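First residue of the sequence shown? That's 1051 in our numbering, and the numbers climb one at a time after it.
To start, the structure under review is shown below, and the notes come after it.
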Amino acid sequence: MVASSFKPEQQIFADLQSIKALLPLDFTLDNYLKAFDRIPMMKYLFNSIFYVSVICISGLGVNSICGYALAKLKFRGKDFILISIIALLIVPFESILMPLYLVVNSLHWVDTWFALIVPFIANCFSIFMFRQFFMDIPNELLESAAMDGSSPMRTFITIVVPLSGPVFTTVFMLDFITHWGDFMWPILVTTGESLRNVQLGIQT
């Protein structure tokens, strides 16, 4: 794809059956110039990077805390919440698309950043991943912190988070890739050009 982006359009299809497909022999920047001329590509790139980053960073905070509570804290209804989260993993997004839109519309969030960001901060799969990772952290470590007077939140921030780099990185990457390709939801909740993401911009 990268090599083809630097070729004239006719040459892309002519080279598909040979090794030339990987080599931009007829190098040109016309494709990029046309793309940036036809649409405000930099604005769409900024929109995508902004809202996807906010979703991912906010999601790391919310989902990790939920996962930690389900893994290490004791409270009534914990098992029911965990079962509900696992059950919700199998619900396809398309089945909640219209109810979610009706909620967003009733809140007057259509064509705002809230509509693009808020519904996706909490994520069942991310919560479950955090929970599974935190289950492997020794309870003795957390109990020793509690004996020293550390609150559950302080223990989470000072002990659990520094030990959890792999799961934070994995969840961030998966969420970023998922939301970078968003098309169906943005086309529903963005009515003007100001909030379009890259996918919508290219399609338009």
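Think of the CB as a built atom: it goes at the ideal place given N, C-alpha and C, for glycine as much as any other residue.
None of these values were measured; they are calculated from a predicted model.
Check	Outcome
What number of angstroms, rounded off, separates the C-alpha of Q1249 from the C-alpha of S1200?	46 Å
Considering only C-alpha positions, which residue in the set L1138, F1175, I1089 is nearest to L1224?	F1175
Given a cut-off of 8 Å, decide if V1217 and M1179 are closer than it, judged by their beta-carbon atoms.	yes
Following the continuous alpha helix (DSSP H) through T1078, name the residue where it begins and the one where it ends.	Looking at the DSSP string, T1078 is not in any alpha helix (DSSP H), and its letter there is neither H nor E.
Is there contact between the region 1119-1129 and the region 1160-1173, where contact requires at least three CB pairs shorter than 8 Å?	no
Out of curiosity, what's the CA-to-CA distance linking I1146 and I1140?	12 Å
Beta-carbon within less than 6 Å of S1055's beta-carbon, same chain only, minus the 5 sequence neighbours each way: which residues are those?	N1081
Alpha carbon to alpha carbon, how far is G1242 from K1084? Give it in angstroms, no decimals.	22 Å
Between N1189, I1227, M1051, which lies nearest to I1209 when the distance is taken from Cα to Cα?	N1189
By the three-class DSSP mapping on this structure, what secondary structure does D1225 have?	helix
Which residues bound the alpha helix (DSSP H) around V1153?	1143-1156
Taking just the CA atoms, how far does S1068 sit from F1130?	57 Å
Can you check which of these residues, N1247, L1073, K1057, is closest to M1092 by C-alpha distance?	N1247
Exposed or buried, what is W1163 when buried is set at 16 or more other beta-carbons lying within 10 Å of its beta-carbon?	exposed
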